[in-house]
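As structure tokens, the structure follows; a few thoughts come after it.
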Amino acid sequence: MGFTTSFTKFRQWSYKWRAKYFRPVLKLLAKLKITPNQITTFRLIFILPIAYYFYRGNLLGVLIFYLIFWILDLFDGSLARYLKATNDKGGSIDAVVDHFVYSILILGFIYLQAADTLLLTYNIIIQLFVNLLVNVKNWHKGESDWLIKVKPIVPYFKTLAHLFLFLYFLGFDFLNPAFLILNIWMTIASFYYFLKIKQNN
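In structure tokens form, the structure reads like this:
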């Protein structure tokens, strides 16, 4: 899929950019013996303030703590690459944490009735389903040092979802049509990966 190729190139550029400009912080983290998995696990703590501010209806509070969560997400993978310690275990933990907190974010918008409940609920389910299909598709490609070899294909869907949600924070409310299009796109992607799995078998 052409968009996947473009997004892969963007990710590679992002890795190089972070390796260059995050280097002083990465050196400090390495010196303090902080591990990538510790950063990944620590990010879970932000579920509490995010959920609290959703409950209070304070979108600014949600935005601030989710941005902190997202910034830390940039560092765990960068630190793993800096330490030459990338592995499937770390990738799996990162993927689970990302999807879990993303689901909390979407559930918060359901709580606020910011968009159609079915659209947002389906988005959580289809994100997980496409992730599962992608990993099943790539299961046969090399051995893994963990239970599963995570392939980070789906994050570009989440990137678009984050863009739509961020625009909502700024007062641009078009979540229903945006998530309708995104859900249709992911449904098509799920069929694509399902057919790929059948071909491999």
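Here the sequence shown is numbered in this note's numbering, starting from 47 and rising by one per residue. Backbone N, C-alpha and C define an ideal beta-carbon position, used for all residues, glycine too.
Should residue 142 and residue 236 be called a contact, given that it needs their Cβ atoms to be closer than 8 Å?
Counting from one through the sequence shown, the residue named residue 142 turns up at place 96. Counting from one through the sequence shown, the residue named residue 236 turns up at place 190. Cβ distance not < 8 Å, so residue 142 and residue 236 don't count as in contact.
Report buried or exposed for residue 82, applying the criterion of at least 16 other Cβ atoms within 10 angstroms of its Cβ.
Counting from 1 along the sequence shown, the entry for residue 82 is found at position 36. Answer is buried; the Cβ neighbour count reaches 16.
Can you tell me whether residue 154 is buried or exposed? The criterion is at least 16 other CB atoms within 10 Å of its CB, across all chains shown.
Position 108 of the sequence shown holds residue 154. So residue 154 ends up on the buried side.
Confirm, please, whether the CB-CB distance from residue 165 to residue 229 is below 8 Å.
Taking the sequence shown and counting its residues from 1, the one referred to as residue 229 is at position 183. Taking the sequence shown and counting its residues from 1, the one referred to as residue 165 is at position 119. It is a contact, given that the beta carbons lie within the stated cut-off.
For residue 54, name the three-state secondary structure that DSSP assigns.
One-based indexing of the sequence shown puts residue 54 at position 8. Residue 54 falls in the helix class under three-state DSSP.
Would you mind stating whether residue 86 and residue 140 have Cβ atoms separated by less than 8 Å?
Your numbering for residue 86 matches position 40 in the sequence shown. Your numbering for residue 140 matches position 94 in the sequence shown. Yes, the Cβ-Cβ distance between residue 86 and residue 140 is below 8 Å.
Please classify residue 193: is it buried, with 16 or more other beta-carbons within 10 angstroms of its beta-carbon, or exposed?
Translated into the one-based positions of the sequence shown, residue 193 becomes position 147. Note that residue 193 has pLDDT 45, beneath the 50 cutoff, so the model's placement of it is unreliable and the number below is only indicative. It is exposed - the Cβ of residue 193 has fewer than 16 other Cβ atoms within 10 Å.
Could you name the residues of the same chain whose beta carbon sits closer than 6 Å to that of residue 232, not counting the 5 residues immediately before and after it, in chain order?
Position 186 of the sequence shown, counting from 1, holds the residue named residue 232. Correct list, in chain order: 172, 176, 203.
Contact check, residue 218 vs residue 109 under 8 Å by CB: the rounded distance?
As a first step, residue 218 is located in the sequence shown; it is residue number 172 there, counting from the start. As a first step, residue 109 is located in the sequence shown; it is residue number 63 there, counting from the start. Not confirmed; about 14 Å, so no contact.
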